[in-house]
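Numbering (the working numbering), first residue to last: -5 to 166.
A virtual CB, placed ideally from N, CA and C, is assigned to each residue, including glycine.
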């Protein structure tokens, strides 16, 4: 369930029911991505890294890119809309203050390089899954709207960053 602080946010209350559902479903889908990574890591990597990354790339693309390209804009709420209208410029420093050390470390961390081994990629995937789960937990447990928005923004950064890293990892 979404944090009360988000549910009471004027911009959220103005969404259609379909947009609210799409917003929540996007977060569920992101959680599924983190679980998919964990399952792959735990199950001794039953499928090859390249196949798994291809599958993840599709999941992230659907979540990050394609979900914003719906024919009916009344059915979705894009991350851009949330960033542009829910996050007010005068609150940015307060929002930044809610960004945790783990999120900051992951966001600032370089991703694997083309010259890296597949083991380094696997280690990065572990960090990715942990960062997503931490930020989702922070989002859902946020009592203040600025904290929830900080976690949501970090989730978007992590998801967008992971897509570019997946492109690089395909070259390993």
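Query - Integer Cβ distance of residue 89 from residue 143, believed to fall under 8 Å - result: Counting from 1 along the chain shown, the entry for residue 89 is found at position 95. Counting from 1 along the chain shown, the entry for residue 143 is found at position 149. Residue 143 and residue 89 do touch by the CB rule: their CB atoms are close to 6 Å apart, below 8 Å.
Query raised in the report: Taking one C-beta from the stretch 12 to 28 and one from the stretch 80 to 94 each time, how about it: are there three or more such pairs within less than 8 Å?
Result: Cβ pair count under 8 Å is below three, so no.
**Report entry** Buried versus exposed call for residue 139 [16 or more other C-beta atoms within 10 Å across all chains shown]
**Finding:** Position 145 of the chain shown, counting from 1, holds the residue named residue 139. It is buried - the Cβ of residue 139 has at least 16 other Cβ atoms within 10 Å.
Query raised in the report: If you check the beta carbons only, do residue 152 and residue 126 fall under 7 Å apart?
Result: Sequence index remark: in the chain shown, residue 152 carries index 158 (1-based). Sequence index remark: in the chain shown, residue 126 carries index 132 (1-based). Contact: yes.
Query raised in the report: Can the beta-carbon of residue 108 be found less than 7 Å from the beta-carbon of residue 35?
Result: Counted from its first residue, the chain shown places residue 108 at position 114. Counted from its first residue, the chain shown places residue 35 at position 41. Contact flag unset, no.
Requested in this report: Would you kindly work out how many angstroms separate the C-alpha atoms of residue 63 and residue 150, rounded to a whole number?
Outcome: On the chain shown, position 69 is the one that residue 63 refers to. On the chain shown, position 156 is the one that residue 150 refers to. Below a pLDDT of 50, predicted positions are generally treated as unreliable, and residue 63, at 49, falls in that range; the measurement from the model is reported next regardless. Rounded to whole angstroms, the gap between the alpha carbons of residue 63 and residue 150 is 16 Å.
Requested in this report: Note the first and the last residue of the continuous alpha helix (DSSP H) segment covering residue 133.
Outcome: One-based indexing of the chain shown puts residue 133 at position 139. Taken as a continuous stretch (DSSP letters only), the alpha helix (DSSP H) holding residue 133 covers 112 to 135.
Report task. Please name the residue, chosen from 141, 132 and 121, that lies closest to residue 155 on a Cα-to-Cα basis. Result -> The residue you call residue 155 lines up with position 161 of the chain shown. When C-alpha distances from residue 155 are compared across 141, 132 and 121, the shortest belongs to 121.
Requested in this report: Could you pull the start and end residues of the alpha helix (DSSP H) that residue 104 belongs to?
Outcome: As a first step, residue 104 is located in the chain shown; it is residue number 110 there, counting from the start. From DSSP, residue 104 is part of no alpha helix (DSSP H); its letter is neither H nor E.
Query raised in the report: Mind checking residue 45: buried by the 16 CB within 10 Å criterion, or exposed?
Result: The sequence position of residue 45 within the chain shown is 51, counting from 1. Looking at its Cβ environment, which holds fewer than 16 other Cβ atoms inside 10 Å, residue 45 is exposed.
Query - Simplified DSSP state of residue 138, which is helix, strand or coil - result: For the purposes of this step, residue 138 is identified with residue 144 of the chain shown, where counting begins at 1. The answer is coil: DSSP assigns residue 138 none of H, G, I, E or B.
Query raised in the report: Based on Cα-Cα distance, which residue from 99, 51, 50 and 157 lies nearest to residue 129?
Result: Counting from 1 along the chain shown, the entry for residue 129 is found at position 135. The shortest Cα separation from residue 129 among 99, 51, 50 and 157 belongs to 99.
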